[in-house]
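Everything below concerns the one structure shown next.
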Ligand code: FAS
Ligand code: PHB
């Protein structure tokens, strides 16, 4: 089979890219390793920047987002005896929207189906060939049968564990990584969210985050040692620990209930440069990972996909410079969001191995945040999303 663009990966990056390209008349196929049910069973991000919301509306999949998403004007930080609400609207004039990544993915799949776009599930053994030539192609197997896609360009949207990044020769890749000495234990429960907005809590016992998906679906997280396993954490243990890490007035109004999903995710900062090689272009987690403290992972995938979609559309209209500049342009925003995610993680998590000095630095930074409108504006600008 032949398509103008072959997209590896049917997560938010690959699906959004496919839709934006189809909308512009560029023919793309998506090769996804897993079943659709499996992809839709993953519980991931929850906070959408305004930029991502705008792209989803442009792509014609913003209706449910606008009907069901929760628009948030700010967020609450509680740590080191301080309680500070950062007002996004007042400082930046922007907001964020709470709408689960699972729902974004569901909306994208539904629209791609509606327009008859080709999404191939359970595509195994994907191998990208001749990416550094003018005639790349992709091999894969489907139900045990070998298949081949001839294309003009390959988009690697297959996440951190995918094949695309590794297709770029190691000698040409520079990788930057910082692994955090803890993970996030996440729980999904049919309980009322703690507050109308998200609560980021720093505590000497560890970080906690109280988020949500809707008025009767909460998403909470606890910082846990990397040695912990989900099996060790009963629901009762989770709720008791979350209560310990919240201020008493919030702990007493926390509604608890049975978990419907529970998982532990390790935290890392990771960036692989460059994001392109020949006719292969990486987008999203295939090229970079951020700790979720800044709610940037999905939102960075969105800006990559926007830049790449516009570059490919321009290319088919005869303008090649955007494709040439893609990697540098995407990385510029990736590094700034990675810095913010790292800084938020350093500010709010406990690092016992680093002794009391860091804890004092964290307390001093929160004091400065509380005292400085400029500091709050800077945090808000990063949280709502830096300009594309
Ligand atoms: P994805 O990993 O979502 O999608 C890649 C797709 O490629 C997958 O469907 C995979 O099956 C497929 N694939 C992989 N290898 C393949 C191959 N060889 N061939 C074909 N297909 C292949 N971000 C936030 O902002 N907030 C959060 O709270 C948050 N929580 C997270 C929790 C976890 C456990 C994880 C892993 C990530 C979390 N993230 C969070 C980040 C997450 O939302 C990502 O940024 C987002 O999924 C990026 O989307 P994609 O780039 O499409 O990558
Ligand atoms: C979530 O709701 O899953 C969420 C929200 C904010 C974050 C991370 C995760 O920073």
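Residue numbers (the numbering used here): 812 to 1199.
Glycine included, each C-beta is placed from N, C-alpha and C at the ideal position.
As the structure is a computational prediction, the values presented were derived from the model and not from experiment.
{"Query": "Chain-ordered list of residues that sit, by beta carbon, closer than 5 Å to a heavy atom of the ligand PHB", "Result": "857, 858, 1022, 1030, 1103 and 1106"}
{"Query": "Test item: CB-CB of residue 950 and residue 936 under 9 Å", "Result": "yes"}
{"Query": "Near the ligand FAS: residue 1110 beta-carbon under 8 Å from a heavy atom", "Result": "yes"}
{"Query": "Residue 928 beta carbon near the ligand FAS (any heavy atom closer than 8 Å)", "Result": "no"}
{"Query": "Other residues of its chain near residue 1126: CB distance less than 6 Å, five sequence neighbours each side excluded", "Result": "1134"}
{"Query": "Test: residue 828 CB closer than 9 Å to a CB of chain C", "Result": "Here there is only one protein chain, and chain C is not present."}
{"Query": "Coil, strand or helix - residue 872 by DSSP", "Result": "coil"}
{"Query": "Where the beta strand (DSSP E) containing residue 929 begins and where it ends", "Result": "929 to 931"}
{"Query": "Outcome for residue 813 when other beta-carbon atoms lying within 10 angstroms are tallied against a minimum of 16", "Result": "exposed"}
{"Query": "Beta-ladder partner(s) of residue 866, from DSSP", "Result": "Residue 866 pairs with nothing; no bridge assigned."}
{"Query": "Among 1129, 1173, 818 and 1190, the one whose alpha carbon lies nearest that of residue 973", "Result": "818"}
{"Query": "Reduced DSSP secondary structure (H/G/I, E/B, other) of residue 905", "Result": "coil"}
{"Query": "Local conformation of residue 972 per DSSP, three classes", "Result": "coil"}
{"Query": "As assigned by DSSP and simplified to three states, the class of residue 900", "Result": "helix"}
{"Query": "Heavy atom of the ligand FAS within 8 Å of residue 993 beta-carbon", "Result": "no"}
{"Query": "The ligand FAS heavy atom lying under 8 Å from the CB of residue 1081", "Result": "no"}
{"Query": "beta-carbon residue 852 near the ligand FAS non-hydrogen atom, thresh 8 Å", "Result": "no"}
{"Query": "Distance CB(residue 1076)-CB(residue 885) smaller than 9 Å", "Result": "no"}
{"Query": "Spatial distance of residue 844 from residue 954 (CA atoms)", "Result": "12 Å"}
{"Query": "Alpha-carbon spacing of residue 960 relative to residue 948, whole angstroms", "Result": "5 Å"}
{"Query": "Residue 1106 to residue 1194 span [Cα, whole Å]", "Result": "7 Å"}
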